[in-house]
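Quick note on numbering: the sequence shown equals residues -1 to 430 in the numbering used here.
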Amino acid sequence: MAIKALRGTYDIFPPKSKLWQKVENLARELFDFYGYGEIRTPIFEQTSLFSRSIGENTDIVSKEMYTFQDKKGRSITLRPEATAPVIRAYLQHNMQQLNQICKLSYLGPMFRYERPQAGRNRQFYQLGTELIGSANPYYDAESIALAYDFISRLGIKCPAVKINSVGDTQSKSNYATLIKNYLSPKISSMCGDCQIRIEKNPLRVLDCKNPSCKEHIANAPSLLDSLSETSKTHFDKVREYLETMEIPYTIDNYLVRGLDYYTDTIFEIIHSNLGSQDVLGGGGRYNNLVQEMGGPSVGAVGFAFGIDRLILVLEALGQLGPKTNSGLDFFILNIDDSVFNQHIKLIKRLREKNIKIDICAENKSFKAQMRNANKLNAEFVIIRGSDEIENNVIKIKNMNDKTEETISITDDDSLFNAVLERIKQNDKKPVF
Ligand code: HAM
């Protein structure tokens, strides 16, 4: 039986890979513009890194991690997200000693054993940022502004930005008691998952999609009412800065996130084209994680977008129609074997001059090779069959206006110069 990619995984190949590159290149440029430097962490880490930071009772840790034992019996997990690895690396390399705000960005594959559907995969890709070293609410707003800027520059108009605050440790614990008391009398009519969540991770109940749970939650106490004075002031400041920066947002009192490390601000960016998996990206502040992982008590804030979902929206909007190829300057028709070596030499010399040239080494008919040249968006085609060889000429066909030019050539150099002259040197920029 033919071997296929595993369920929830997929291949990315041309022309779609061009779209991926555009998204990734924009992220790299914009993150750099906002002062973030790229960090690359390993694809797998010790399991405890994730179970401790994301939370034992989250769906990610309890159900979705790809965990296995290595040959020495150590528990290893394929990273389901990047925030915990980034903080691990920050501490391992003593970045806190730089005594300044540390801004790191990343891009790469993550792994979660979820039920696959449109926009939900088992190997998916995230791009994101983490700012470590400040609890100032300005940075919450700036992170949201960066996420918004990124989406806008991608051409995705009017995404919805939802924000909420889960508050500090005290606020979270106040709310846990409040919601537990509120839901206890209704618990028997709630789903099995929520019956466990109410005991182990009450905030997660707010995110349940089960209709009967949703009904109970609709009138539940609001997280914002449980905020401590410090958390309230923090959230007010975040809102003030967002308004100053003219970032449109709405407050969603019941917004919670699937990871336990958040404190204070949380946010999500939603797009209606995505169906049920409509969250393009999300993030928030996590002021306790660095200390919980053995570091100093410093605040941090960040977000991640799912690239898979960005691509789905861009395709649906037709914003970045995939192009087949950026186009060749020249395509050499391979008609006569006796000049094949001369053509290889020509290609080598022209590529050194940043001229985009190619040849088909297979023996294909004239017609098939012309079709190939068209497919590759060649500007010119070089024709050199037995007649041309006998008369010491080459024909250069302009594929746009279909005109043909016959040029005399005597040796390698005149061939090289004839082709080079055909392309305006001044227009050529280095490719790399
Ligand atoms: P998250 O909400 O778990 O947050 O994931 C961020 C984004 O990754 C989601 O909004 C979604 O677009 C994408 N995503 C998640 N799971 C899947 C999946 N199975 N298939 C396709 N896309 C998916 C985090 O991971 C946090 N680390 C974000 C963060 C950074 N918070 C602070 N800093």
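Glycine included, every Cβ here is placed at the ideal spot set by N, Cα and C.
Among the options, whose alpha-carbon lies nearest the alpha-carbon of residue i?
{"i": "L344", "options": "I194, K70 and V417", "result": "V417"}
{"i": "Q95", "options": "G131, D166, G190 and K155", "result": "G131"}
{"i": "E112", "options": "I305, S49, M63 and E79", "result": "M63"}
{"i": "T408", "options": "I392, E419 and G304", "result": "I392"}
{"i": "K70", "options": "P83, Q44 and F48", "result": "Q44"}
{"i": "N396", "options": "E386, S412 and N375", "result": "N375"}
{"i": "G293", "options": "E54, Y88, F328 and S220", "result": "Y88"}
{"i": "D411", "options": "K346, L144 and V311", "result": "K346"}
{"i": "D223", "options": "Y173, S186 and N370", "result": "Y173"}
{"i": "F29", "options": "I142, L47 and Y252", "result": "I142"}
{"i": "F301", "options": "L47, I1, P13 and L102", "result": "L102"}
{"i": "K354", "options": "R369, I330 and F364", "result": "I330"}
{"i": "V236", "options": "K155, D262 and I215", "result": "D262"}
{"i": "I154", "options": "H269, M(-1), S220 and F11", "result": "H269"}
{"i": "D356", "options": "I342, A366, N23 and K362", "result": "I342"}
{"i": "R195", "options": "R420, P40, S384 and D57", "result": "D57"}
{"i": "E36", "options": "I99, N97 and E128", "result": "E128"}
{"i": "P40", "options": "V84, Y34 and F11", "result": "V84"}
{"i": "K13", "options": "G325, K365 and E388", "result": "Here residue 13 turns out to be Pro, not Lys, going by the sequence shown. The option with the nearest alpha carbon to P13 is G325."}
{"i": "G304", "options": "E360, E22, S210 and A3", "result": "E22"}
Just to check my reading of the structure: residue i and residue j have Cβ atoms closer than 8 Å, yes? What is that Cβ distance to the nearest angstrom?
{"i": "G280", "j": "R255", "result": "6 Å"}
{"i": "F233", "j": "V159", "result": "In fact, because the Cβ distance is near 15 Å, the residues do not count as touching under 8 Å."}
{"i": "Y180", "j": "A139", "result": "So it is not a contact: roughly 31 Å between Cβ atoms."}
{"i": "G117", "j": "R307", "result": "5 Å"}
{"i": "D327", "j": "F378", "result": "7 Å"}
{"i": "F42", "j": "R77", "result": "7 Å"}
{"i": "A145", "j": "I267", "result": "6 Å"}
{"i": "I309", "j": "W18", "result": "7 Å"}
Output needed for residue i: all residues of its chain with C-beta closer than 6 Å, excluding positions within five of it in sequence on either side, in chain order.
{"i": "E403", "result": "I394"}
{"i": "Y259", "result": "S51, Y284 and L287"}
{"i": "S295", "result": "Q289"}
{"i": "L201", "result": "V254"}
{"i": "L315", "result": "none"}
{"i": "P107", "result": "Q121 and Y123"}
What are the boundary residues of the beta strand (DSSP E) that includes residue i?
{"i": "L102", "result": "C100 to F109"}
{"i": "A376", "result": "No beta strand (DSSP E) contains A376, which DSSP labels as neither H nor E."}
{"i": "K14", "result": "Careful: K14 lies outside any beta strand (DSSP E), inside the alpha helix (DSSP H) at K14 to F31."}
{"i": "N162", "result": "A158 to S163"}
{"i": "N396", "result": "V391 to N396"}
{"i": "V299", "result": "A298 to G304"}
{"i": "D356", "result": "I355 to I357"}
{"i": "V288", "result": "Premise fails: V288 lies in the alpha helix (DSSP H), L287 to E290, not in any beta strand (DSSP E)."}
{"i": "E402", "result": "E402 to S406"}
{"i": "L278", "result": "V277 to R283"}
Kindly list the residues whose CB is nearer than 7 Å to the CB of residue i, restricted to its own chain and excluding five residues on each side of it in sequence; keep chain order.
{"i": "I249", "result": "I161 and N162"}
{"i": "N424", "result": "The predicted model places N424 with a pLDDT of 46, which falls under 50 and marks its position as unreliable; any figure quoted below should be read in that light. No residues qualify anywhere along the chain."}
{"i": "N415", "result": "none"}
{"i": "L225", "result": "S163, G165, S169 and F233"}
{"i": "A25", "result": "L105, L125 and F148"}
{"i": "F109", "result": "Y64, L76, R77, P78, R120 and Q121"}
{"i": "N55", "result": "K198 and N199"}
{"i": "G297", "result": "S132, A133, R283 and N285"}
{"i": "F66", "result": "I74"}
{"i": "P135", "result": "H232, K235, V236 and Y239"}
{"i": "D276", "result": "I268, H269 and S270"}
{"i": "Y34", "result": "K101, L102, S103 and T127"}
In the DSSP assignment, find the alpha helix (DSSP H) that holds residue i and state where it starts and stops.
{"i": "L348", "result": "F338 to E350"}
{"i": "Y88", "result": "T81 to Q90"}
{"i": "D250", "result": "No alpha helix (DSSP H) contains D250, which DSSP labels as neither H nor E."}
{"i": "G190", "result": "G190 to K198"}
{"i": "L176", "result": "T167 to L181"}
So, at 8 Å on beta carbons, what are the nonlocal neighbours of residue i in its own chain, with the 5 sequence-adjacent residues on each side left out?
{"i": "K212", "result": "C206"}
{"i": "R38", "result": "Y104 and G106"}
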